[in-house]
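Numbering (my numbering), first residue to last: 226 to 372. A virtual CB, placed ideally from N, CA and C, is assigned to each residue, including glycine. This report concerns only the one structure given below.
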């Protein structure tokens, strides 16, 4: 079941250790959940866990918090690529609460990230590989991607 309406979704279980002193999901954990979705998205897309050879790094990330999540819920992280540049691409995230019965709850947060192609040998940005762009287009054929 897709809870977010986005072309890729990854569900994160809220662990007790993710809860802060105010009794809700700590703000930094939202970034960890977006990272988990991002890494699983690329690994699933490329059908490998050997991502260290890809040469993609995080350039920027942001999160707008909308509603607190609490222990006992899960967080569905929807993700879509929204823009391709020569050396970077943008991701959009939608995080929603999922209760124990699997029902979709309220929207928790929305986020954005920019991933940058990176040449580790020369320590500089690099072009995003065409094969990766094509795989992403195939994975989300009905989702618009700006060029």
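Got a sec, what are the start and stop residues for the beta strand (DSSP E) residue 314 sits in?
313–323
Out of 276, 273, 241 and 288, state which residue places its alpha-carbon closest to the alpha-carbon of residue 333.
288
Segment limits, alpha helix (DSSP H) that includes residue 363:
355–364
Spell out the partners DSSP gives residue 309 in its beta bridges.
314
Report the rounded CA-to-CA distance for residue 344 versus residue 359, giving the unit in angstroms.
20 angstroms
In or out: residue 276 buried (at least 16 other Cβ within 10 Å) or exposed?
exposed
Inter-residue spacing [alpha-carbon to alpha-carbon] between residue 330 and residue 260:
22 angstroms
Report yes or no: do three or more beta-carbon pairs, one from the stretch 240–248 and one from the stretch 278–287, lie closer than 8 angstroms?
no
With three or more beta-carbon pairs closer than 8 angstroms as the criterion, would you say the stretch 346–362 touches the stretch 288–303?
no
Residue 273 (DSSP reduced to helix, strand or coil):
coil
Delimiting residues of the beta strand (DSSP E) encompassing residue 242
Premise fails: residue 242 is in no beta strand (DSSP E) and is neither H nor E.
Buried versus exposed, by CB contacts within 10 Å (16 or more), residue 254
buried
Excluding the 5 residues flanking residue 249 on each side, which residues of the same chain have their C-beta closer than 8 angstroms to its C-beta?
293, 294 and 295
Roughly how many angstroms lie between the CA atoms of residue 244 and residue 317, to the nearest whole one?
24 angstroms
Straight-line gap, residue 252 to residue 291 (C-alpha atoms, nearest Å):
11 angstroms
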